[in-house]
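Protein chains in written order, with our numbering: chain F, 1 to 151; chain H, 152 to 489; chain S, 490 to 769; chain A, 770 to 1105.
C-beta: ideal position from N, C-alpha, C; glycine also.
Worksheet: the structure to be examined is printed underneath.
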């Protein structure tokens, strides 16, 4: 109904579970996540996946918007350097992400809440391990209260 | 230091010549404003009116902000046919303004061959608010400069007050590393010695070992005054996007009002779009009617840009815009590993 | 206390029909959920309302139904922007808000007893449909003189309200002329732009009033034609469109000079418009 | 009419008395040392030496974000508003007059605006006459002045020893009567001194010729002046947002989960999007039309529609314009 889906609030504060919005590139990381599923590799169900054509497609506003709408963390994953389906989308993205992470950290958003990584289509295990790590870190940090817009 | 009035005379001669000889159809400079410590941008088209041009320590505006709109591409085929070709434009540039022009040329927003750049070796400009604050309770009725470059103001009761130069120079000038335009067709004034400013630049962006929560609280405090008037964006020569993400409604990325969350989004998005592009002219901070340090986030980003990638926006015409390029060995220590 | 004018009346979409071949114009039939509202919502053709979709905002549309069609409101909406795209995705019985009626209607007192020349183009025919429906109502028809309608579109598929058009063409108390720029094989009516057809029909300006709604280009040339035919500026009625928010003359964006299209318009005579700056 | 006096030592008691009835806004220093009109707290002393506030008090009657309604699960809820009175102490006469101008738009017209009306009805203004106008002030040219009581319920003048007060409306009379025990009759000499002070302030203000301004603007609609004057306009909203009478607004929906908040926010005629149609057509496509609209709206359309200018001469737009645009220049040139 609206242009942005909101990550639903947990039923009660006691039952808080981290919500991680993951932006995965179509060609490597999404396939990697898929592989994790197909291979029945267990990983925390706290991640909501959004498939994007390429990590180079990601506008930092996507990540900020996710945080504003109640995500506790965002994870971006693309192809490993050299493997980009569009040759260099992930390399262009890497510069952006390096600066974005610094900027948000400087602003006061914990660096664990904005994470970047590379996962290839064959790395189901790596994807699961990364998600596990991110969720664990965010669980330690607690719910995100920064930038969240409440009506 | 060459006195401002000498530069002013030469500036007028230069503008008059350029307009008279039809080398330019429009000359952008500064004229006297109605309030002290300020000048107003002047769009000059007649050589005879070149005397309106002024040069003083109050020529703060970055005139590069007007260039993208003067060379705006036609909106459609019909406009392309009917729109007269833009005239060549002469423009007065300080060091910071020149960096902006370089970036605009790199980003193909303005054609170098249509510009006649009149650079002025900039001794630093006065922050009008600092000057007003320094006068305390008194309001200035007029202001000028003495031989040492200090600011002299006549206040309401008729007395003359001298404000020491360092006391009223803009922060951005105290941090400036290239006050003399690195790109110019005509250069006025004697190149000033570049200050040792790295410490100043780093100090202003340093939050030490503050916790994330403290940093966030500090940012929220600073931004809580924001009224979302868009002055910081509109004054920025790099903010030329035809459709700004901050204005988009489909989807609407940033809510319309002054909810602190939306205000913070606004400033984060704006700052990030300046990454590798901000030429540190300070126009955003100067424009803010609420006195917010609008450079707060961008200043830090610029340090990162330089530390991580060794890139200085607007330093050289042959540079490739930072985020339009990449290297296989770009730093990636920030990545999450399992 | 007066009702809060910013609060929309709750309504439901009863039916959504595609109007044109390009499928980007739909007519929505709305009914108020509260019968009291239905009784209180009194309007005349020419007026408009703000439709409201929570989360999407509001947008103004001319009311395409006539008050003689009791029990529902019609709005014909072209899909162009954010709001209209969302509206087009809705089907019965989706709920929707209606704020209005707003603005001034066509000048019904002045229209009484006169011959009417109704000129429309493209999808701006909405409030003209409302006007014609109202005029043709058995209770009203005798109050007006002859009724001449010229309605044009780019192609036959772009003409709206085909059922109504067919019905009107079958009557003898209204003279309906349809024209298209690009006819197809089956087209038997006029070919060409509206102003040319209008001039060919040569309606007399004597005791007549012209009502014109359409795209800017059509308006421009139709006004020239009407002037040629001898219609004085005071006898030409136009309806304008503007970006609006409040609809009640406060938010400051729909003004033309000192007049607000939302409350002083959207219906103006050409004479009134000539006194205003051409900022529309 | 100014006829009462209160020693400064009793001013806090007067404000305390008002605080029992409602919220008191008064001039205090913020953390940066700037005098602002803010909710009064006991630990911050009232300041009476200031020119004017950076922000006009319009946000108190026309908030920058005003929730119009919320949609939740198919229901519509209107926001609850408190009925507590709001006392604005120390507002300058120009800003008090601005409230009258806003009343013309939001209350007096054919459609009154319930959100504005509700907030406005609670507001009582205790204006403080200006003694030290700034060089950007031109209130005397728009029918106001340093001692203008229009829009004020009570007008106050600060003398060296005392504050003089006078009720200007029935509401002001009621206010003063509820603090009558703190007031004494102002001696004639003090009233004379106050009048002299106001006259002296008036003399400091440079006039702008606004004779027949509505007609002059009508005649100058197609003047090349608009193009040249607007060339340097950056298209920001500083002038509008700081203006005490600018009131144009936007209405947008904020969405979060199943909740929608329809909110009215300040908007500005200098923005290209202000009048942009969904079709892409824009009736005011360039800075020229938009800058002209701003001036016309304030000095011509408002005069025609409300018989009241939408400018009080506070000079905020002049002082704060990033490119030093000065509307006085245009007003002087137009039709001259």
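Can you pull the chain H neighbours of residue i, defined as C-beta to C-beta under 8 Å?
| i | result |
| --- | --- |
| residue 571 of chain S | 400 and 401 |
| residue 88 of chain F | 477 |
Considering only the beta carbon of each residue, do residue i and residue j sit closer than 8 Å?
| i | j | result |
| --- | --- | --- |
| residue 703 of chain S | residue 610 of chain S | yes |
| residue 516 of chain S | residue 563 of chain S | yes |
| residue 1023 of chain A | residue 1030 of chain A | yes |
| residue 162 of chain H | residue 215 of chain H | no |
| residue 952 of chain A | residue 789 of chain A | no |
| residue 433 of chain H | residue 351 of chain H | no |
| residue 452 of chain H | residue 147 of chain F | no |
| residue 553 of chain S | residue 502 of chain S | no |
| residue 1038 of chain A | residue 1063 of chain A | yes |
| residue 937 of chain A | residue 923 of chain A | yes |
| residue 676 of chain S | residue 705 of chain S | no |
Applying a beta-carbon distance threshold of less than 7 Å, which residues of chain A neighbour residue i?
| i | result |
| --- | --- |
| residue 19 of chain F | Within 7 Å Cβ-Cβ: nothing; residue 19 of chain F doesn't reach chain A, min ~13 Å. |
| residue 151 of chain F | 1023, 1025, 1028 and 1030 |
| residue 768 of chain S | 1052, 1053 and 1058 |
| residue 408 of chain H | 833, 834, 1032 and 1034 |
Should residue i go down as buried or exposed, given a rule of 16 or more other Cβ atoms within 10 Å for buried?
| i | result |
| --- | --- |
| residue 392 of chain H | exposed |
| residue 1 of chain F | At residue 1 of chain F, the pLDDT of 36 sits below 50, so the modelled position is not reliable and the matter cannot be decided from this model. |
| residue 747 of chain S | buried |
| residue 226 of chain H | exposed |
| residue 949 of chain A | exposed |
| residue 218 of chain H | buried |
| residue 471 of chain H | exposed |
| residue 864 of chain A | buried |
| residue 1095 of chain A | buried |
| residue 208 of chain H | buried |
| residue 11 of chain F | With a pLDDT of 49 at residue 11 of chain F, under the threshold of 50, the predicted position of this residue should be treated as unreliable, though the coordinate-derived value follows. Looking at its Cβ environment, which holds fewer than 16 other Cβ atoms inside 10 Å, residue 11 of chain F is exposed. |
Given that residue i touches chain A, what residues does it touch there, using C-beta distances under 8 Å?
| i | result |
| --- | --- |
| residue 421 of chain H | Within chain A, no residue comes near residue 421 of chain H; the closest Cβ sits about 13 Å away, beyond 8 Å. |
| residue 190 of chain H | 1093 |
| residue 731 of chain S | 1044, 1046 and 1052 |
Using a cut-off of 7 Å between C-beta atoms, extract the partners of residue i located in chain H.
| i | result |
| --- | --- |
| residue 58 of chain F | Ordered by position in chain H, no residue passes the 7 Å Cβ test against residue 58 of chain F, which lies about 12 Å from the chain. |
| residue 1007 of chain A | 380, 382 and 440 |
| residue 1082 of chain A | Neighbours of residue 1082 of chain A on chain H: none; closest Cβ ~14 Å, over 7 Å. |
| residue 1001 of chain A | 191, 192 and 194 |
Just to make sure I have the definition right: I need the residues of chain S whose C-beta is within less than 7 Å of the C-beta of residue i. Which are they?
| i | result |
| --- | --- |
| residue 1074 of chain A | 747 |
Give the interface partners of residue i over in chain F, defined as CB-CB distance under 8 Å, in chain order.
| i | result |
| --- | --- |
| residue 482 of chain H | 98 |
| residue 513 of chain H | As displayed, chain H neither begins before 152 nor continues past 489, which places residue 513 of chain H out of reach and without an answer. |
Could you work out which residues of chain S lie near residue i, taking near to mean beta carbons separated by less than 8 Å?
| i | result |
| --- | --- |
| residue 715 of chain A | The shown model of chain A, from 770 to 1105, leaves out residue 715 of chain A, and the question about it has no answer. |
Using a C-beta to C-beta distance shorter than 9 Å, which residues of chain A count as neighbours of residue i?
| i | result |
| --- | --- |
| residue 185 of chain H | 904, 905, 1087, 1093, 1095, 1097 and 1098 |
For residue i, which residues in chain F fall below 7 Å Cβ to Cβ?
| i | result |
| --- | --- |
| residue 415 of chain H | 147 |
Whose Cβ in chain C lies nearer than 7 Å to the Cβ of residue i?
| i | result |
| --- | --- |
| residue 61 of chain F | Considering every chain present, this structure includes no chain C. Its protein chains are F, H, S and A. |
Alpha helix (DSSP H) runs wholly inside the stretch 695 to 767 of chain S, at least 4 long, in chain order: As far as the stretch 695 to 767 of chain S is concerned, its whole alpha helix (DSSP H) runs of at least 4 residues are 705 to 718 and 759 to 763.
Per the contact definition of three or more C-beta pairs closer than 8 Å, is the stretch 910 to 919 of chain A in contact with the stretch 1076 to 1088 of chain A? Cβ pair count under 8 Å is three or more, so yes.
Are there three or more Cβ pairs, one per stretch, closer than 8 Å when the stretch 407 to 417 of chain H is compared with the stretch 983 to 995 of chain A? Contact between the stretch 407 to 417 of chain H and the stretch 983 to 995 of chain A is absent: fewer than 3 CB-CB pairs across the two stretches fall below 8 Å.
Which full runs of the alpha helix (DSSP H) of 4+ residues lie inside the stretch 375 to 421 of chain H, going along the chain? You should have 382 to 386.
Tell me whether the stretch 1004 to 1018 of chain A and the stretch 374 to 393 of chain H touch, counting them as touching only if at least three CB pairs, one residue from each stretch, are closer than 8 Å. Look at the beta carbons and you see the stretch 1004 to 1018 of chain A touching the stretch 374 to 393 of chain H: at least three pairs across the two are nearer than 8 Å.
Touching by the beta-carbon criterion (3+ pairs, under 8 Å), the stretch 13 to 22 of chain F and the stretch 74 to 87 of chain F: Touching, per the Cβ criterion.
In chain order, what are the residue ranges of uninterrupted beta strand (DSSP E) at least 3 long that sit wholly in the stretch 33 to 78 of chain F? Whole beta strand (DSSP E) segments, 3+ residues: 47 to 52 and 73 to 78.
Within 8 Å, do at least three Cβ pairs link the stretch 788 to 806 of chain A to the stretch 847 to 863 of chain A? Here the stretch 847 to 863 of chain A makes contact with the stretch 788 to 806 of chain A; the two share three or more CB pairs at distances below 8 Å.
Count Cβ pairs between the stretch 736 to 752 of chain S and the stretch 866 to 884 of chain A that sit closer than 8 Å; are there 3 or more? Yes, the stretch 736 to 752 of chain S is in contact with the stretch 866 to 884 of chain A.
Segment contact flag, the stretch 609 to 627 of chain S with the stretch 713 to 724 of chain S, C-beta cutoff 8 Å, min 3 pairs: Contact check between the stretch 609 to 627 of chain S and the stretch 713 to 724 of chain S: fewer than three CB pairs, one atom from each, fall below 8 Å, which does not count as touching.
Can we say the stretch 330 to 346 of chain H touches the stretch 279 to 291 of chain H, given the rule of at least three CB pairs closer than 8 Å? Contact fails: fewer than three Cβ-Cβ distances are below 8 Å.
Contact between the stretch 843 to 853 of chain A and the stretch 991 to 1005 of chain A: three or more CB pairs below 8 Å? Counting C-beta pairs closer than 8 Å gives fewer than three between the stretch 843 to 853 of chain A and the stretch 991 to 1005 of chain A, which falls short of the contact rule.
Let me know the beta strand (DSSP E) ranges lying completely inside the stretch 205 to 275 of chain H, each 3 residues or longer, listed in chain order. Runs found: 240 to 244 and 266 to 271.
For the stretch 360 to 371 of chain H against the stretch 393 to 409 of chain H, do three or more pairs of beta-carbon atoms, one drawn from each stretch, fall closer than 8 Å, so that the two count as touching? Verdict: no, contact absent.
Which runs of the beta strand (DSSP E), 3 residues or longer, sit entirely within the stretch 793 to 819 of chain A? Secondary structure in the stretch 793 to 819 of chain A: the beta strand (DSSP E) runs of 3 residues or longer, each lying completely within the stretch, are 804 to 808 in chain order.
Is the stretch 463 to 481 of chain H in contact with the stretch 82 to 100 of chain F, if contact means three or more CB pairs nearer than 8 Å? Cβ pair count under 8 Å is three or more, so yes.
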